[in-house]
Structure formats: C-alpha cells, structure tokens
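S.K.: There's a structure below that I have some questions on.
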Amino acid sequence: MSPTIYKGACLCGRIRATVTLEGPFPNGLLCHCINCRKSTSSLGTSNAVVKQDQVTFEGEPKLYRDSKTDSGNTIERYFCGDCGSPIKTLGPARPGAVVLKMGLFERTPRPALETFCENKFDWEPAGVEGVAQHARRP
C-alpha cells in the first residue's frame, strides 16, 4: 500500500503541514478543556494524534508554553504568528506524538472520543452520536 499524503495550512497559508500515513487519518479527538477553549476562542478543539515522524511543517509557528493545565504538566501550543491559527500541541502525556489541530485540513476525521465534557455548556449539543464521552481526560 502506498502512503496517503494529507496537506493542510493555517488561515493565511504561512504555516503548512504535510502528513504521510499508511491509510486514513486516525479518528479524531474533541477536547473541551478550558485551555483548549481559551486557546481557540471556541467551544474546544478538534484534533488528531499522529507520530512526529509522520508530519512535517513549512513555516515557523510561534510557541506558547501552557503551564496552567489540568494535569499540571506544561504543554507546548504552537500557532501561526500572523493569523493566529492553532497548529499543533506537544506534551509529556504523548511522547513522540503531535496533536494536530484539524482546522488546518479541508476534511476532519470523525472523532473517536470527546474529553473534558464536564466543561461543556448546558446549551451545547449532547455530543457526537456513538462517540465515547469522558468528563475529564481518560
């Protein structure tokens, strides 16, 4: 089987991502933690976790070290310094992995799970049908 290449970019196009996989994107992850909400000014983030050697980036994103996390671990949030688009997150909970922000890509894989659902607002939809929901991080 030949690899499948997925290409994405931030809103202004300054940061580009190329993901090379043996097959489709892994199922996504929706995160509703307070920090993901704040870092996107949205209801949360849509992510996919891939190995670091499966993704390359063009352009130099800015880095914010987020130390006010629920776990107490500092994570690295990368974003475009021009348009502000979130790019990726790196952290000690997933060594050797990149948490890609799916807004970079034209198509987003169906999520496999939702985390930090305890932070969802009461007016938000209950969740994606058939997707595992966790109050916090599993």
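Residue numbers (the numbering used here): 55 to 192.
Just so it is clear, CB atoms sit at the ideal spot from N, CA and C, and this is done for glycine as well.
Quick caveat, the model's predicted, so the values are computed rather than measured.
1. Just tell me which of E178, C171, D176 has its CA closest to the CA of L83.
2. Looking only at its own chain, which residues have a Cβ that is under 8 Å from the Cβ of P57, when we skip the five neighbours before and after it?
3. Can you check which of these residues, R190, R191, E168, is closest to A180 by C-alpha distance?
4. Quick check on the burial criterion: 16 or more other C-beta atoms within 10 angstroms. Buried or exposed for A189?
5. When we look at the beta-carbon of K116 and count the other beta-carbons within 10 Å, is it buried (16 or more) or exposed?
6. Quick one: give me the first and last residue of the beta strand (DSSP E) that R148 is part of.
7. What is the rounded straight-line gap between the Cα of P146 and the Cα of S95?
8. With a threshold of 8 Å, are at least 3 pairs of Cβ atoms found where one atom belongs to the region 123-131 and the other to the region 100-112?
M.R.: Well, looking at it:
1. Each of E178, C171, D176 was checked against the Cα of L83, and the nearest Cα belongs to C171.
2. Spatial neighbours of P57 in its own chain (CB-CB distance under 8 Å, excluding positions within 5 residues in sequence) are listed in chain order as T74, L75, E76.
3. By alpha-carbon distance to A180, the top candidate from R190, R191, E168 is E168.
4. By the neighbour-count rule (16 or more Cβ atoms within 10 Å), A189 is not buried but exposed.
5. Its Cβ having fewer than 16 others within 10 Å, K116 is exposed.
6. Per DSSP, R148 belongs to no beta strand (DSSP E) and is neither H nor E.
7. When only Cα atoms are considered, P146 and S95 end up about 24 Å apart.
8. Short answer: they don't touch.
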